[in-house]
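S.K.: In this text, residue positions in the sequence shown follow the working numbering: the first is 67, and each later residue adds one.
Quick one: the structure is below, questions incoming.
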Amino acid sequence: MTIGREPFSGFPPPNAYVVVGNDATMLIDAGWENKTDHDAKVAFLANAGGPPLTEILLTHHHPDHAGGALALRQATGAPVTAHPLDREKIESERFGGKATIDGDLNTGDTRDLGGLSLQVLFTPGHTSGCLSIYIPERGVVMTTDTVMQISTTALRPRDGNLADYVKSLEYLQTINAKTMYPGHGGPINNPGGRLKQLIEHRHQREQELRDALADGPQTVKGLRERVYAGLPEVRHPLAEAQLTTGLLKLIDEGDVREDGERYSLA
Ligand SMILES: [Zn+2]
């Protein structure tokens, strides 16, 4: 189900996925916290048929995916689970410190829904504890914001991590899914091709960053003006966040040095 507002203009509202088995129904992600959205989600679940909701699995802590979880738990009694690395942000930012997560999701965890199963894949990078959910019987992976057809993925410094992100894309390549269902926009019908494209895009961005730094020390703003020339002002903060995430990877790898606000090749 796709319910709620666009995270920013022109970017589709979040997807949540209802997976119905013979014995259990599970919800992957919960959308925004919003009364109108909530009522629509409860109505959708009531019409989905199958067993009552058994669990709400959160792929990551962002408000367009985890915001509606607490209200849905109250309405359905289904426990909410997430990866331990995103737990604290969900409890403090999404639940306002007034509620806790009911259980952890770790890589290798499985859920048997009767005729269908869910497998938890740890795919960090978009956030520290970002998960994908695999349904082996269908060859399907729910990839949330890690793999989308409509856009590349926002990686914000410190919570997001570029090296982890690329490793997660490579890990998803080994799953050989037939279809991927993202957190925004329609399904990905050629997962292998899309993953390859996304990995190449990151390598290309990294090369652009190295090329820009080869001309001498640069600030993030200076790098943004070169790498993202002509970008509308409203998108500057996100572009600078992406560049900072790229710089942090190169610093971790010992290839870049930070000097106050300036970055240079080491
Ligand atoms: Zn997100």
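Heads up, the beta-carbon is just placed ideally off N, CA and C, and yes, glycines get one too.
Here the structure is a predicted model, which means the values were calculated and not measured.
If you scan the stretch 170-242 from start to end, which runs of the alpha helix (DSSP H) of 4 or more residues do you find wholly inside it?
M.R.: 228-241
S.K.: Tell me whether Gly288, by its Cβ, gets closer than 8 Å to a heavy atom of ligand 1.
M.R.: no
S.K.: Got a sec: does ligand 1 put a non-hydrogen atom nearer than 8 Å to the Cβ of His126?
M.R.: yes
S.K.: Between which two residues does the beta strand (DSSP E) holding Leu124 run?
M.R.: Unbroken run through Leu124: none, as it is neither H nor E.
S.K.: For Asp175, verify whether its CB is less than 8 Å away from any heavy atom of ligand 1.
M.R.: no
S.K.: At which residues does the alpha helix (DSSP H) containing Ile265 begin and terminate?
M.R.: 257-280
S.K.: Can you give the Cα-Cα distance for Ile254 and Ile122, rounded to whole angstroms?
M.R.: 23 Å
S.K.: Between the C-alpha atoms of Pro80 and Thr210, what's the straight-line distance to the nearest angstrom?
M.R.: 9 Å
S.K.: In three-state terms, what does DSSP make of Ile254?
M.R.: strand
S.K.: Is it the case that the CB of Gly205 approaches a heavy atom of ligand 1 more closely than 8 Å?
M.R.: no
S.K.: State the start and end residues of the unbroken alpha helix (DSSP H) segment that holds Ile317.
M.R.: Per DSSP, Ile317 belongs to the alpha helix (DSSP H) from 302-318.
S.K.: Between Ile317, Phe110, His250, Gln239, which has its C-alpha nearest Gly205's C-alpha?
M.R.: Gln239
S.K.: Rounded to a whole number of angstroms, what is the C-alpha to C-alpha distance between Ala144 and Asp95?
M.R.: 13 Å
S.K.: Let me know the secondary structure DSSP gives Asn100 once reduced to three states.
M.R.: coil
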